[in-house]
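Protein chains in written order, with this note's numbering: chain A, 53 to 470; chain B, 53 to 470. Even for Gly, the Cβ is constructed at its ideal location relative to N, Cα and C. Worksheet: one structure, shown below.
Number of protein chains: 2
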Amino acid sequence: MKIEQYFEQIGQQARAASRHMARATRGDKDRALAAIATAMKQQRDSILAANAKDMAAGKASGLDAALLDRLELTVGRFDDMIEGLEQVAALADPVGEISNLKYRPSGIQIGHMRVPLGVIGIIYESRPNVTIDAAALCLKSGNAAILRGGSEAIHSNRAIAACISEGLIAAGLPGTAVQVIDTTDRAAVGELISRPEYVDVIVPRGGKGLIERISRDARVPVIKHLDGNCHVYIDDQADFDKAMAIAINAKTHRYGTCNTMETLLVAAAIADKILPPLAAVYAEKGVELRGCPASRALVAGMKEASEQDWHEEYLAPILAVKIVAGLDAAMDHIAQYSSAHTESIVTENWTRARRFLAEVDSSSVMVNASTRFADGFEYGLGAEIGISTDKIHARGPVGLEGLTSQKWVVLGDGHVRG
Amino acid sequence: MKIEQYFEQIGQQARAASRHMARATRGDKDRALAAIATAMKQQRDSILAANAKDMAAGKASGLDAALLDRLELTVGRFDDMIEGLEQVAALADPVGEISNLKYRPSGIQIGHMRVPLGVIGIIYESRPNVTIDAAALCLKSGNAAILRGGSEAIHSNRAIAACISEGLIAAGLPGTAVQVIDTTDRAAVGELISRPEYVDVIVPRGGKGLIERISRDARVPVIKHLDGNCHVYIDDQADFDKAMAIAINAKTHRYGTCNTMETLLVAAAIADKILPPLAAVYAEKGVELRGCPASRALVAGMKEASEQDWHEEYLAPILAVKIVAGLDAAMDHIAQYSSAHTESIVTENWTRARRFLAEVDSSSVMVNASTRFADGFEYGLGAEIGISTDKIHARGPVGLEGLTSQKWVVLGDGHVRG
């Protein structure tokens, strides 16, 4: 079958299933999640065997160690998938919530009702656990999903997809509500992102190159995450201990995450007090510092930052450091270089905290907290389909609510417009 | 100056102004709206003279009567623009509203803050009043705007733009917060829709052809309105008088609006009671009916509907009529043919009303009310920048809130992630 025909069938099935899913009750959806977990447990051995096949093929084709690590389904990761299903089942159902229902002078009542988006397309790379996480979130939010995993994970994804369909059907929902594209043909991605009649939104997960390519070519709206070039600004009215704790946690808690601090901004009036002890901790932890001339004057051996460093999302034990005159200069730097992901100010000054919160235009803006908190679990979303760096629809961690939107409902009693 | 350079300058100015606008207080913004109104009143004669110039050029170049009508600034329309400014000033400021601020187990407080989108690009055709309406909504919602009106309205738009800048400056806001693209070069649209570094969202207003073209070519998110193929379904448990009133109002109150009913669905069990008297009223009002075979059997002289009629947005005194078995068939028809703009059910049956509200996936879903209510003013938005038929971000009438989104705010006291 040609890829267009294949996708036509997938698309029609998804669109039809999405109508079913939109009216599924919370009970239906939670039962499906439980049934998927049951099927996964029963098929544990065959899923792990399928994954072993992908691992062997990956090794044979020379996949690098990082990719192989992401591909591998260990017993621990398998259990995490099951636990993820249970967590999503425990979340409140966002669908159908009516808010702000008000009478208008005409006598009609007007309100907002939360509704699924329809069909969500997810494009991701090697991790097979995304298959189950994404399926669970789309299902619970009343959407149908079309999942396109990496070709290196095809056997794992196929085995997991069989469990998902089995669980959906066991709960009386359409087995096609979650479909995994079962071909490694790259043209399938082209179809998925260019058919608004079948797909309402695309969530790409993966490297920046993949996401930029998809955004450029898509004819369907994309909820995307590009860089996480996050900043912490230590104000001259910062509490010393809080500033130390936050600057260390934001950089060194984990290096490879998108909410890790990549540039530290320090107010000039406090720099000589805080930068040297901070630099000592970073040195101890093996973090390389790249600074502006003023920072280098305070810390022996600090490398020189180039213009490019201010743009960089290192995802590594490297930190750019800049001394700024104060709040305005810090916010100017952020406006110029930040990827609008997450920024934090450390200050005891009420007015500056309020200004930072109001004026910094990033998806998460923090006062006296580590950027590492920018995460769906920490925010109480229960789970996240991704972190959006877009400005429309959803910003920051995207959970169930980000997979819905609101329609208007109008209640009348024979009302007509005069 | 080349168009790329020209737009580069416009874009940089808009981006810089957007940071100012984001932190402007409600007082600043309302003062600017008032100052714009004052400037407009003072420049009334020169604006009307500029419009006369456009009208003369339009007549000379053979613009059709409908376009000339939209282009003309009568004294009444001029006063409406002034009134519009006052209405927008009276609206609440959506910016900065913090909602759902909650403590998390980690001790951080997490909430949502409503923030401007940044820079809004508006592309529209002949009506010069859009210049002032769009400017007012963008300004009040804390955004900068780049407006691209039709070349036929360039003198009118230029004169209005001068008043807008004057008012902004008088209120201490950047005069470049609202810029009108002052060239008739069509390449300017290409720049506007393809520079995400300068423009955060595009709102095109105009014919379907324009909007489809812009959506296809845009590299910036688009909030768009395509068709308004709206349906009314008269259930067999409808109240006769309400059904008559709504079906007549939804079709005949105005023919050229996007919330006008274009297809009437009637439950078979009530069709012989309601269709003949309805058809008599439509005939009296000059509405042409195009029906399914069952409808035609009940109403003498009704034309036959083709498959194309079910897709049609007539914007004219024509109505497609179909008899359906009941609620499920009506919702199937809507799912297949509707443009997902506005649909209404007329019924006294509680369960069917609830199902229609929950299951019909349109931007406005109504019970016992005329589709003509789907409008920003009727919904209490005060004004609308347009009506979205998209599924993400904003559905239906888009007012100030639709020109904003929500970022996360995190408040801590030195909190770090463990």
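When C-alpha distances from GLU138 (chain A) are compared across A:THR126, A:LYS81, A:ILE150 and A:LEU119, the shortest belongs to A:LYS81.
Using a Cβ-Cβ cut-off of 8 Å, PHE292 (chain A) does not count as an interface residue toward chain B, since no Cβ of chain B sits closer than that to its own. Secondary structure of SER396 (chain A) (DSSP, three-state): strand.
Cα atoms of GLY219 (chain B) and ALA446 (chain A): separation of roughly 33 Å, rounded to the nearest angstrom. Selection B:VAL274, B:LYS93 and B:ALA372 evaluated against GLY128 (chain B) yields B:LYS93 as nearest (Cα-Cα).
Going by beta carbons, CYS344 (chain A) and ILE386 (chain A) fall outside the 8 Å limit. Within the segment 419-430 of chain B, the residues whose Cβ lies closer than 7 Å to some Cβ of chain A are VAL419, ASN420, ALA421, SER422, ARG424, PHE425 and GLU430, listed in chain order. Closer than 9 Å at the C-beta level to chain A, one finds these residues of the segment 407-418 of chain B: ARG407, LEU409, ALA410, GLU411, VAL412, ASP413, SER414, SER415, SER416, VAL417 and MET418.
Interface flag for HIS363 (chain A) against chain B is unset, since no Cβ pair is found closer than 8 Å.
In the three-state reduction of the DSSP assignment, PRO146 (chain A) falls in the coil class, being assigned neither a helical nor a strand state. A residue is called buried once 16 or more other Cβ atoms fall within 10 Å of its Cβ, and ASP116 (chain A), having fewer, is exposed. An exposed status is given to GLN388 (chain B), since fewer than 16 other beta-carbon atoms sit within 10 Å of its beta-carbon. 8 Å or more divides the Cβ of ALA91 (chain A) from the Cβ of SER208 (chain A).
A Cβ-Cβ distance of about 7 Å is found for the pair GLU400 (chain B) and ALA290 (chain B), placing them in contact under the 8 Å criterion. In this structure, the beta-carbon distance from LEU317 (chain B) to ALA382 (chain B) falls below 8 Å. In the three-state scheme derived from DSSP, where H, G and I count as helix and E and B as strand, THR315 (chain B) is classed as strand.
DSSP, read as helix, strand or coil, puts SER193 (chain A) in coil. Beta-bridge pairing by DSSP links LEU341 (chain B) to B:LEU371.
In this structure ILE198 (chain B) does not touch VAL253 (chain B) by the C-beta definition: roughly 11 Å separates them, more than the 8 Å allowed. For VAL241 (chain B), the enclosing alpha helix (DSSP H) has its first and last residue at 239-244.
The criterion of a C-beta distance shorter than 8 Å is not satisfied by ARG156 (chain B) and ILE150 (chain B). When DSSP states are grouped into helix, strand and coil, ASN301 (chain B) belongs to the helix group. Residue range 96-112 is occupied by the alpha helix (DSSP H) that includes ASN103 (chain A), with no beta strand (DSSP E) assigned at that position. In the three-state reduction of the DSSP assignment, VAL251 (chain B) falls in the coil class, being assigned neither a helical nor a strand state. Taking all protein chains shown into account, GLY338 (chain A) has fewer than 16 neighbouring C-beta atoms within 10 Å of its C-beta and is therefore exposed.
For ARG83 (chain A), the closest of A:LYS294, A:ASP145, A:ILE444 and A:ASN311 by C-alpha to C-alpha distance is A:ASP145.
Cβ neighbours of ALA196 (chain B) within its own chain (closer than 6 Å, five residues either side excluded): ALA66, ALA69, SER70, MET73, VAL171 and ALA229. Neighbours of ASN281 (chain B) in chain A, taken as residues at a C-beta separation under 8 Å, are lacking, since the least C-beta distance is about 15 Å.
A straight line joining the alpha-carbon of GLY114 (chain A) with that of ALA108 (chain A) spans about 10 Å.
Between HIS393 (chain A) and SER415 (chain A), the C-beta spacing is below 8 Å. The segment 178-198 of chain B and the segment 434-444 of chain A do not touch, with fewer than three beta-carbon pairs separated by less than 8 Å.
The continuous stretches of alpha helix (DSSP H) do not include THR77 (chain A), and DSSP gives it neither H nor E. Per the DSSP secondary-structure output, CYS282 (chain A) pairs in a beta bridge with A:MET313.
VAL140 (chain A) places its beta carbon 8 Å or farther from that of ALA335 (chain A).
Per DSSP, the continuous beta strand (DSSP E) segment holding MET165 (chain A) begins and ends at 161-168. By the Cβ test, the segment 276-288 of chain A is in contact with the segment 360-370 of chain A, since at least three Cβ pairs between them sit closer than 8 Å.
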